[in-house]
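Asks: Protein sequence lines, in the order shown, are assigned to chains Z and F.
When the letters of the first sequence are read in order and numbered with the numbering used here, they come out as residues 250 to 358.
When the letters of the second sequence are read in order and numbered with the numbering used here, they come out as residues 28 to 140.
Have a look at the structure that comes next, please.
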Amino acid sequence: GQNIDQPTEMTATEGAIVQINCTYQTSGFNGLFWYQQHAGEAPTFLSYNVLDGLEEKGRFSSFLSRSKGYSYLLLKELQMKDSASYLCAVRDFGQNFVFGPGTRLSVLP
Amino acid sequence: DGGITQSPKYLFRKEGQNVTLSCEQNLNHDAMYWYRQDPGQGLRLIYYSQIVNDFQKGDIAEGYSVSREKKESFPLTVTSAQKNPTAFYLCASSIAEGRREQFFGPGTRLTVL
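Here is the structure:
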């Protein structure tokens, strides 16, 4: 079966670092995506990993271990505007994307 | 400006009525997708299309229908056969090769009364 797990909610303080974990079990693997979604809005693309290792993009980094079926999104120097849901998604074979339930992050002053 | 548009943003319908949600993109993307999002749940794939005049069922296609007569357009019809249609519907598109990250429209919130 297809399954992606993420923590439901996380809380962190402005200026801190937070790591959001994602574990997956899918029938195939052709890349892992992280999206940010503010309440009531569309998801926006943050990062993509297809090979093992760390991808860095400004304040955001994403890590992948294919052998462990594991990824994390690292957010540094947290800002209030980072309060949002973060969605982990895996593309299995073809055009099928499997999304996790999302992690709602609250950044406190 | 290139992007994806969905209309309307909010839609109310009576139970038993079919309703069609619009999705248009001018990104020249070959692939288009429809997702449903319920509170506290991830996005679930309803239908996707890789090329004009071709589309595939996703995980929750029952009670929905689509068409892809033009590259730019991928309308979704929510039929009366869909048991619980009240949800947030998101349309997305991507290129058909390479990384294929998806670009999402603003969504339509459908409420069936």
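Beta carbons: idealized from backbone N, C-alpha and C, even for Gly.
Source: prediction; values computed, not measured.
1. Please tell me whether Z:PHE348 and Z:ARG340 are closer than 7 Å, where the distance is taken between their beta carbons.
2. For Z:TYR273, does the count of other Cβ atoms within 10 angstroms reach 16, so buried, or fall short, so exposed?
3. Given F:GLY90, which residues of its chain have a CB within under 6 Å of its CB, disregarding the five upstream and five downstream residues?
4. Sorted by chain position, which residues of the same chain lie with C-beta nearer than 6 Å to F:SER4's C-beta, five sequence neighbours on each side aside?
5. Closer than 9 Å, Cβ to any Cβ of chain F: which residues of the segment 275 to 293 of chain Z, in chain order?
6. Do you know offhand how far Z:ILE253's Cα is from F:ASN111's?
7. Does the Cβ of F:ILE31 have 16 or more other Cβ atoms within 10 Å, making it buried, or fewer, making it exposed?
8. Could you check whether Z:ALA265 and Z:LEU327 sit closer than 7 Å to each other, using their CB atoms as the reference points?
9. Using the beta-carbon count (16 or more within 10 Å), is Z:ASP331 buried or exposed?
10. Residues of chain F with CB closer than 9 Å to the CB of Z:ASN270, please, in chain order.
11. Since F:ALA58 meets chain Z, which of its residues come closer than 7 Å, beta carbon to beta carbon?
12. Closer than 6 Å to a non-hydrogen atom of the ligand FMN - does that hold for the CB of F:ARG63?
13. DSSP three-state call for F:ASP81: helix, strand or coil?
14. Can you round the beta-carbon distance between Z:ASN270 and Z:GLN255 to whole angstroms, since I take them to be within the 8 Å contact cut?
15. Residues of the segment 39 to 59 of chain F in Cβ contact with chain Z at a cutoff of 8 Å, in chain order, please.
Replies: In short, the structure shows the following:
1. no
2. buried
3. THR106, ALA108 and GLN109
4. The question about residue 4 of chain F has no answer here: the residues shown for chain F are numbered 28 through 140.
5. ASN279, GLY280, PHE282, TYR284, GLN286, GLY289, GLU290, ALA291, PRO292 and THR293
6. 24 Å
7. buried
8. yes
9. buried
10. Ordered by position in chain F, no residue passes the 9 Å Cβ test against Z:ASN270, which lies about 15 Å from the chain.
11. GLN344
12. Looking for the ligand FMN in the displayed structure turns up nothing, as the structure carries no ligands at all.
13. strand
14. 7 Å
15. ALA58
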